[in-house]
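The next block holds one structure in the form of structure tokens; read it before the comments.
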Amino acid sequence: RTGAAAVVQARAAIAAGDAAAAQRALTLAGALEVPQAQIAPVALRLRQLQARRAGLDALFAQAVSAQQQGRLDGSPDSALPLYQRILTLAPDRTDALEGREDALTDLLAQARQALARDALADAAVLLAAAKRYDAGHADVPLTEGHYHRALEQRRQRAQGLLRRGRLAPAARDFTAVLAAEPADVVAQRGLEQVADEYAAQAGRQAADFQFDAALQSLQEAKTLLPGAAAIAQAEQAIARARDAQRSPETGLSRSARERRLRALLQRVAAAEAQQQWMTPPGASAYDAVRAAQALAPRDPRVLQAAARVVPASQRCFEDELRNNRLRAARGCLDAWQALTPNGDALAGARRRLAQRWVAVGSERLGQEDAAFARRAQDEAHQLDPGLPELAEFTRRVKAMTEQR
């Protein structure tokens, strides 16, 4: 009876994963001369348990070694994946639980060290990895707090750099935020603003015939935001400046250039006196100013003349927009931009015209005029690709096109 009880104890120990207790119980059963037919199946199960334990022990040794070498994650033979394998097979194994806890503590410490050296993307990867293994680890809230503060500081630094006109470092900071958080709206908008500023800078440099610098600024804008509407405007400004540089008038002597410039400025004054601001084509104040700009874009007299004509182009834009003549409004807007490429009110005007295109396009979409709606979508995108309502309008246009 005692021998049979020893066999029962051995089975229970094996079920509990206690190989040592099972071995002692089987040894006792053998000493009590329990028949081999009863002992053999239990002994086989014990050997299988010992083999499994030996494999897990080997994995545990590998995990400890990897942890000591600082290889915490990133490959199947690093510490955390090995601990995870052990715990999948033996969830109650205390040494593996403790090892994983220590490894996660080290991993989260590495995340905080990455934040200390401004490596936001590295910190994001490490923090995400730690949360995959154990989101409830004691150091996760502390590390997340550091991470979100560092993100906000980098956003604010980038915005400050942008306000001061330091475009390259601002772009680096916005890009760093997006590398860590690709959906960050503030950083996305900031990068768009940097691209717009580079494009505007390209236009200014082209106006001074600094084409190498203009092309460099244009390339910076394209790298940051390839589809920005401001890029197309800058390309047009560079093309106009090249045309102006190739104009026969650019080869004039200084005295001949001055005579030509005075004649153009007199034409501006005469057109102003007759209130011929934007029309008739070729004889308006606007046309004379554009000719003067091609001849001497930075001459103070030309700048003053352009400044006097700008209000007329603005009035033209407002009148055409009010009457829903959107293509005509675009022509006035282009004239306004040509006169003052970096005017503060231009961005707002572009947005208003883009919004009007979306509104009219939506109305025509309701009338199932898909062709006009697509044209309205293109116009709005050229004017202001960041317009919030453009995404939904684009989705609706696409849906109607697919239905057809």
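Under full-length UniProt numbering, the residue at position 144 of the sequence shown is numbered 144, and the numbers go up by one with no gaps.
We treat Cβ as the ideally placed atom computed from N, Cα and C, and that holds for glycine.
Proximal residues to VAL7 (C-beta, below 8 Å), its chain only, five neighbours per side dropped:
ALA25, LEU26, ALA29, VAL34, GLN38, ILE39, VAL42
Indicate the three-state DSSP secondary structure (helix, strand or coil) for HIS137 in the structure shown.
coil
Just the C-alpha distance for ALA345 and ARG351, rounded to the nearest angstrom, thanks.
10 Å
Please work out which residues of its chain come closer than 6 Å, Cβ to Cβ, to ALA10, disregarding the five sequence neighbours upstream and downstream, and give them in chain order.
ALA22, ALA25, LEU26, VAL42
GLN67 classed as buried or exposed, judged by whether at least 16 other C-beta atoms fall within 10 angstroms
buried
Indicate whether GLN193 and LEU162 have their beta-carbon atoms separated by less than 9 Å.
yes
ALA263 versus ALA232, ALA239, THR279, ALA296, residue with shortest Cα-Cα distance:
ALA296
Are the beta-carbon atoms of THR143 and ARG112 separated by less than 9 Å?
yes
Less than 9 Å between the C-beta atoms of TRP277 and ARG301, yes or no?
no
Nonlocal neighbours in the same chain, by C-beta distance under 8 Å from LEU178, ignoring five residues either side:
ASP184, ALA187, GLN188, LEU191
What are the start and end residues of the alpha helix (DSSP H) that includes GLN216?
211–224
Using the three-state DSSP reduction, which class does VAL34 fall into: helix, strand or coil?
Three-state result, VAL34: coil.
In angstroms with no decimal places, state the Cα-to-Cα distance between ALA31 and ARG1.
In this structure, the CA atom of ALA31 is about 13 Å from the CA atom of ARG1.
In the DSSP assignment, the alpha helix (DSSP H) including THR105 goes from what residue to what residue?
94–116
N- and C-terminal bounds of the alpha helix (DSSP H) containing SER78:
Per DSSP, SER78 is not a residue of any alpha helix (DSSP H), being assigned neither H nor E.
Taking the alpha-carbon positions, what's the VAL309 to ARG259 distance?
Here the alpha carbon of VAL309 sits roughly 22 Å from the alpha carbon of ARG259.
Which residues in the same chain as ASN324 place their Cβ atom closer than 8 Å to its Cβ, once the five residues preceding and following it in sequence are excluded?
ARG356, VAL360
Verify whether the separation of the beta carbon atoms of ALA229 and GLN377 is less than 9 Å.
no
May I have the straight-line CA-CA distance separating ARG290 from LEU224, to the nearest angstrom?
31 Å
With DSSP run on the structure shown, which of helix, strand or coil describes ALA20?
helix
Give the straight-line distance between the Cα atoms of LEU326 and THR394, rounded to the nearest whole angstrom.
19 Å
Can you tell me which of ALA19, PRO280, GLU235, ALA128 puts its alpha carbon nearest to the alpha carbon of ALA202?
GLU235
Which of the three DSSP states, helix, strand or coil, is assigned to GLN205?
helix
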